[in-house]
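Residue 383 in the working numbering is what sits at position 90 of the sequence shown, and the numbering runs on without skipping anything. As structure tokens, the structure follows; a few thoughts come after it.
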Amino acid sequence: SITVNSSPSLLIAGELQKLPLHEKQAFLDLSYVNFPRDLDPEENPDEVALAIFQTNGVSAGENVGVFPRMARLNHGCSSAFNAVYFWREDEKILVIHALKDIRKGQELLTTYTNSKRPRDERRAYLSKQYGFLCTCDVCSLPDELSKASDERLSKISALYEAYATWGSKIDGVEAINHIRKIWQLEDEEGYWSERGQLAADATWVAAAHSE
294 SITVNSSPSL LIAGELQKLP LHEKQAFLDL SYVNFPRDLD PEENPDEVAL AIFQTNGVSA
354 GENVGVFPRM ARLNHGCSSA FNAVYFWRED EKILVIHALK DIRKGQELLT TYTNSKRPRD
414 ERRAYLSKQY GFLCTCDVCS LPDELSKASD ERLSKISALY EAYATWGSKI DGVEAINHIR
474 KIWQLEDEEG YWSERGQLAA DATWVAAAHS E
């Protein structure tokens, strides 16, 4: 771990100087957003480094890291993204995992946010946080199909909220029913990234009520 006893920009700049030249350049080649408007990037390289870190940093166990190759993954909503990433603590590596078959030459997409929200909400968040208007396959659907997708995603979110009350408001049978409904709706939507967690949740609920 690192003890912070200076400004964030000086801390990042100091750590950056410790890297080999090719790793430093890979970091500096990454994009960034929300740079202070009153500063000139050319005259404030330390602030640029901080902006890159803030834009591209992801959780790595108890720490935060920047992984230049993973950071090249663009965003897709709902069924549009085809890859997820996770940190392997024992190996100290970040792994990118495909969610579905990916054709040669097809772009790898992950998701930058919880995309189980209506299109307008997703776009507003992504525009404010990352500075772009999402035009992924899901956000580009015709209005009628987009509305149907929004309804499925809203139902999924509501079911997750209801499932979270297992043990306090709903019993095991209701919890399993919620999981089944979520699975069905996500299958219809093509939202596959949570299947493993859903299966684990169902197993946990069943084991808790095995008596």
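Don't be surprised by glycine CBs; every beta carbon is placed ideally from N, CA and C.
Compare the C-alpha of ARG410 against each of GLN310, LYS440, PRO435 and ASN375 and name the closest. Locating residue 410 in the sequence shown gives position 117, where the first residue counts as 1. Cα-wise, what sits closest to ARG410 is LYS440.
So, does the region 299-315 touch the region 339-357, judging by three or more C-beta pairs under 8 Å? yes
For ARG473, which three-state DSSP category applies? Position 180 of the sequence shown holds residue 473. Residue state, collapsed to three classes: helix.
Give a yes or no on contact between the region 392-404 and the region 360-376, applying the rule of three or more CB pairs nearer than 8 Å. yes
Determine which residues share a DSSP beta bridge with TRP266 and list them. With the chain represented from 294 up to 504, any question about residue 266 goes unanswered, as that position is not in the structure.
Under three-state DSSP, which class holds TYR378? Working through the sequence shown from its first residue, we reach residue 378 at position 85. Here TYR378 sits in strand by DSSP.
Could you spell out the range, first to last residue, of the alpha helix (DSSP H) harbouring SER302? Against the sequence shown, residue 302 aligns to sequence position 9. Here the alpha helix (DSSP H) through SER302 covers 301-310.
Hey, which unbroken runs of the beta strand (DSSP E) at 3 residues or more fall wholly within the region 348-396? 351-353, 356-358, 376-381 and 386-391
Just to confirm, is the Cβ distance from SER486 to LEU392 under 7 Å? Position 193 of the sequence shown, counted from the start, is the residue given in the question as residue 486. Position 99 of the sequence shown, counted from the start, is the residue given in the question as residue 392. Yes; because the gap between Cβ atoms is below 7 Å, this pair is in contact.
Count the other CB atoms within 10 Å of the CB of ARG412; is the residue buried (16 or more) or exposed (fewer)? The sequence position of residue 412 within the sequence shown is 119, counting from 1. So ARG412 ends up on the buried side.
C-alpha distance - GLY354 paired with HIS368, whole-angstrom precision: Within the sequence shown, the letter at position 61 stands for residue 354. Within the sequence shown, the letter at position 75 stands for residue 368. Distance between the alpha carbons of GLY354 and HIS368: 22 Å.
Quick test of the definition: if touching needs 3 or more C-beta pairs under 8 Å, does the region 424-435 touch the region 461-472? no
Less than 7 Å between the beta carbons of LEU491 and LYS448, yes or no? Working through the sequence shown from its first residue, we reach residue 491 at position 198. Working through the sequence shown from its first residue, we reach residue 448 at position 155. Not a contact, by the Cβ cut-off of 7 Å.
Just list the residues that DSSP pairs LEU402 with in beta bridges. Here the question's residue 402 lines up with position 109 in the sequence shown. For LEU402, which the question treats as bridged, DSSP gives the partners ASN367.
Reduced DSSP secondary structure (H/G/I, E/B, other) of GLU437: Counting from one through the sequence shown, the residue named residue 437 turns up at place 144. In the structure shown, GLU437 sits in a helix (DSSP, three-state: H, G or I).
Just to confirm, are VAL326 and TYR418 a CB contact at a threshold of 7 Å? Reading the sequence shown from its first residue, position 33 is the one you call residue 326. Reading the sequence shown from its first residue, position 125 is the one you call residue 418. Not closer than 7 Å, so no.
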